[in-house]
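Participant: Residue numbers (my numbering): 18 to 120.
1) Taking 7 Å as the threshold (C-beta atoms), are residue 103 and residue 42 in contact?
2) Under the three-state reduction of DSSP, which class applies to residue 116: helix, strand or coil?
3) Would you mind stating whether residue 27 and residue 90 have Cβ atoms separated by less than 7 Å?
4) By the DSSP assignment, the alpha helix (DSSP H) with residue 80 in it spans what residues?
5) Is it a yes or a no for the segment 49-57 touching the segment 68-77, going by three-plus beta-carbon pairs under 8 Å?
6) Report the rounded CA-to-CA distance for residue 110 versus residue 35, giving the unit in angstroms.
7) Select from 38, 115, 116, 108 the residue whose C-alpha is nearest the C-alpha of residue 58.
8) I need the boundaries of the alpha helix (DSSP H) containing residue 36, first residue and last residue.
9) For a test of the three-state rule: what should DSSP assign to residue 75, helix, strand or coil?
10) Can the beta-carbon of residue 33 be found closer than 7 Å to that of residue 55?
This is how it looks when you write it as structure tokens:
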């Protein structure tokens, strides 16, 4: 993995418990291919930042992986159903969190 800027904390970032749940839903890197260059949690956090803020892909902060890389993962995962699985799991986590607050 490449060296990166020290990443700031954003409200949209997954916490460690959420990441533990979601990381198993991310497809493994292709066998025999190049190793992944970026941390998958950083990719997910960047996508969630974009979704939460409504910014353009090019406006994702520089402490995330490059915007083209983030968009490429989002597009690939949207086409192969991975993003829907991740989204459904994230939505479930949010609902449980809101139910606990209401109780």
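By construction, the Cβ of each residue, glycine as well, lies at the ideal position given by its N, Cα and C atoms.
Facilitator: On the basis of the supplied data:
1) Result yes, Cβ atoms of residue 42 and residue 103 sit closer than 7 Å.
2) Correct three-state label for residue 116: helix.
3) No; because the gap between Cβ atoms is not below 7 Å, this pair is not in contact.
4) Premise fails: residue 80 is in no alpha helix (DSSP H) and is neither H nor E.
5) Counting Cβ pairs under 8 Å, fewer than three are found: no touch.
6) The alpha-carbon atoms of residue 110 and residue 35 are separated by roughly 8 Å.
7) The shortest Cα separation from residue 58 among 38, 115, 116, 108 belongs to 38.
8) According to the DSSP assignment, residue 36 belongs to the alpha helix (DSSP H) that extends over 33-39.
9) The three-state secondary structure of residue 75, taken from DSSP, is helix.
10) Cβ atoms of residue 33 and residue 55: not closer than 7 Å.
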